[in-house]
Amino acid sequence: MDTSSSAPLASYIDLLLDAVCAVDGQGRFVFVSAACERIFGYTPQELIGQPMIDLVHPADRQRTLEAAREIMGGEPKLNFENRYLRKDGRVVHILWSARWSPVDQLRIAVARDITERKQAESRQAALYAISEAAHAAADLLALFKRIHLIIGEWLPALNFSVALYDEQCSQLNFPYHVDDREGQPELPGTVTGRLCAEVIRSGQPILLTPGGSALPAGFDDLVAQPDAPCWLGVPLNAQSGTIGALIVKSAPDNERYTEQDKELLQYVCAQITVAIERKQLHARLQHMAQYDQLTQVPNRELLRERFKCAVAAARAASGRMALLYIDLDRFKQVNDTYGHGVGDMLLQAVASRLKGCIRDTDTVARIGGDEFVVLLHSIQALEDAHRVRDKIHHALAQPLRLDGHCLSIEPSIGVACFPDHGTEDIALFRHADEAMYAAKRHNHRAFGI
1 MDTSSSAPLA SYIDLLLDAV CAVDGQGRFV FVSAACERIF GYTPQELIGQ
51 PMIDLVHPAD RQRTLEAARE IMGGEPKLNF ENRYLRKDGR VVHILWSARW
101 SPVDQLRIAV ARDITERKQA ESRQAALYAI SEAAHAAADL LALFKRIHLI
151 IGEWLPALNF SVALYDEQCS QLNFPYHVDD REGQPELPGT VTGRLCAEVI
201 RSGQPILLTP GGSALPAGFD DLVAQPDAPC WLGVPLNAQS GTIGALIVKS
251 APDNERYTEQ DKELLQYVCA QITVAIERKQ LHARLQHMAQ YDQLTQVPNR
301 ELLRERFKCA VAAARAASGR MALLYIDLDR FKQVNDTYGH GVGDMLLQAV
351 ASRLKGCIRD TDTVARIGGD EFVVLLHSIQ ALEDAHRVRD KIHHALAQPL
401 RLDGHCLSIE PSIGVACFPD HGTEDIALFR HADEAMYAAK RHNHRAFGI
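Spelled out as structure tokens, the structure:
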């Protein structure tokens, strides 16, 4: 296509925001308008004579070549989308309209940069998916797994970590960590742990790429080699401060992360932070609804659920389960003599010692005041419950040092066993309650019979 004799036309073309180009039958640029430099980063002089396909993103080259063959066969293409690599390495999304000129034996095309539109679409899709995940995920772990998949759809993120900072304990926890080469990030000296700590400390995103500039001190060696993987860390910033960080690492053969990726991940992380806070709040509310806030053991509601499960399991297996009803004798005297603060500490200490007397599969619950229930799942015989009862007596007989006072406490314990003393919750709790009061009358050593 000869534009030398049509200088005014060429100058008009250079005024267009869209790029105009012509590619010969061998796939080389023979003409590009001035807009190409803004879109692709190359001057017209740099592009003339170069193979068009060299600029196309590797993942899009095959279908781009197929489209080029169809255009040369006389089939115009409207609204064909693909990705190109700019001179600076960034990815640019292009919307093409092209047709073949039989007279000139050239592909004539108009290219529009739709990168911002595609990024907006990606953000919107990611935000919608994250919002859906936040509602559907049963817990934070399920949420993090889903977020990993969502982000991985538009960013190479095979290696992915979420760190949450516990301000009360000044501790960094990693509830989700996937890395094919690095071990647990909590271990001293791991790159993920170091990068998370720096991102949280600064509250700013960090992008580490080979050849990158302004790298934080101590991280230069990570990207010293040209084929080193890229790292991208983004803080999870809430209104109360930075609550954690999200870290992604590319594989060496992936495309490099860019400033665009960093900006997009920052935008998404703002929504992730909201989702995390919502899940954490839900978990706290659920914990408050099911656990005694003083002793942090299950309350009456959660005990009722676990009791039903234990009875159902025992009935299905034709086995046994037991419950121990525990009342602390003379607890009121402790409150009256030493104050409710010491009384609360005593209840906490009792709960702790009770948990030390049972298996992980069993349950200690506080059902009110100084009353506790121990639920024993899947026991062989009534004697198993007796052994736990005696173990509790021994544990609580040991002196307790609370707020400078040395105290001892004696429990009254009633034992009921399924199916020996009943097959329904009302009957079993009544039997254990009666046995507990019998224990008070008989020197605190009683069980249901």
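Going by full-length UniProt numbering, the first residue of the sequence shown is number 1, and it counts up by one from there. Where a beta carbon is used, it is the ideal one built from N, C-alpha and C, also for glycine. Please read all numbers here as calculations on a predicted model, not as lab measurements.
How many whole angstroms separate the CB atoms of residue i and residue j, which I take to be in contact at a CB cut-off of 8 Å?
| i | j | result |
| --- | --- | --- |
| residue 130 | residue 268 | 7 Å |
| residue 165 | residue 242 | 7 Å |
| residue 404 | residue 432 | Going by Cβ atoms, the distance from residue 404 to residue 432 rounds to 36 Å, so no, they are not a contact pair. |
| residue 222 | residue 259 | Residue 222 to residue 259, Cβ: 18 Å. No contact. |
| residue 378 | residue 316 | So it is not a contact: roughly 11 Å between Cβ atoms. |
| residue 301 | residue 290 | 6 Å |
| residue 303 | residue 365 | 4 Å |
| residue 400 | residue 349 | 5 Å |
| residue 30 | residue 106 | 7 Å |
| residue 262 | residue 175 | No, residue 262 and residue 175 are not in contact; Cβ-Cβ is about 23 Å, not under 8 Å. |
| residue 396 | residue 353 | 6 Å |
| residue 95 | residue 116 | Their Cβ separation, rounded to whole angstroms, is 12 Å, which puts residue 95 and residue 116 out of contact at 8 Å. |
| residue 83 | residue 54 | The pair is not a contact, with the Cβ atoms about 13 Å apart (cut-off 8 Å). |
Please classify residue i as buried or exposed, where buried requires at least 16 other C-beta atoms within 10 Å of its C-beta.
| i | result |
| --- | --- |
| residue 322 | buried |
| residue 139 | exposed |
| residue 288 | exposed |
| residue 357 | buried |
| residue 33 | buried |
| residue 237 | buried |
| residue 143 | buried |
| residue 417 | buried |
| residue 13 | buried |
| residue 244 | buried |
| residue 103 | exposed |
| residue 442 | exposed |
| residue 68 | buried |
| residue 337 | exposed |
| residue 426 | exposed |
| residue 435 | buried |
| residue 58 | exposed |
| residue 17 | exposed |
| residue 327 | buried |
| residue 292 | buried |
Measuring only the C-alpha atoms, how far is residue i from residue j?
| i | j | result |
| --- | --- | --- |
| residue 448 | residue 324 | With a pLDDT of only 36 at residue 448, under 50, the local geometry of the prediction cannot be trusted, and the value read off the model is given with reservation. Spanning the two alpha carbons is a distance of roughly 9 Å. |
| residue 256 | residue 209 | 7 Å |
| residue 150 | residue 126 | 6 Å |
| residue 250 | residue 36 | 30 Å |
| residue 423 | residue 311 | 8 Å |
| residue 299 | residue 363 | 10 Å |
| residue 134 | residue 146 | 9 Å |
| residue 19 | residue 28 | 16 Å |
| residue 361 | residue 376 | 8 Å |
| residue 394 | residue 385 | 14 Å |
| residue 227 | residue 153 | 23 Å |
| residue 439 | residue 389 | 12 Å |
| residue 148 | residue 157 | 7 Å |
| residue 278 | residue 411 | 41 Å |
| residue 119 | residue 91 | 11 Å |
| residue 371 | residue 383 | 23 Å |
| residue 199 | residue 71 | 49 Å |
| residue 75 | residue 93 | 22 Å |
| residue 46 | residue 52 | 12 Å |
| residue 201 | residue 137 | 29 Å |
| residue 177 | residue 155 | 17 Å |
| residue 128 | residue 271 | 10 Å |
| residue 98 | residue 79 | 9 Å |
| residue 398 | residue 333 | 18 Å |
| residue 239 | residue 167 | 14 Å |
| residue 230 | residue 203 | 20 Å |
| residue 169 | residue 387 | 38 Å |
Closest to residue i by C-alpha separation, out of the options, would be which residue?
| i | options | result |
| --- | --- | --- |
| residue 247 | 228, 159, 307 | 159 |
| residue 218 | 152, 283, 192 | 192 |
| residue 22 | 296, 78, 399, 109 | 109 |
| residue 232 | 174, 294, 162, 24 | 162 |
| residue 421 | 99, 270, 320 | 320 |
| residue 307 | 296, 200, 53, 374 | 374 |
| residue 123 | 49, 265, 52, 168 | 265 |
| residue 211 | 402, 369, 426, 225 | 225 |
| residue 196 | 425, 235, 78 | 235 |
| residue 25 | 101, 79, 194, 353 | 101 |
| residue 297 | 53, 280, 65, 367 | 367 |
| residue 335 | 15, 347, 177 | 347 |
| residue 38 | 141, 49, 155, 112 | 112 |
| residue 392 | 359, 381, 402 | 359 |
| residue 369 | 329, 381, 387, 355 | 329 |
- Between the region 32-47 and the region 72-91, do at least 3 Cβ pairs fall closer than 8 Å? Contact between the region 32-47 and the region 72-91 is present, because at least three Cβ pairs lie under 8 Å.
- Message: I want to know whether the region 392-407 touches the region 331-346 - three or more CB-CB distances under 8 Å.
- Response: With the cut-off at 8 Å, the region 392-407 and the region 331-346 touch.
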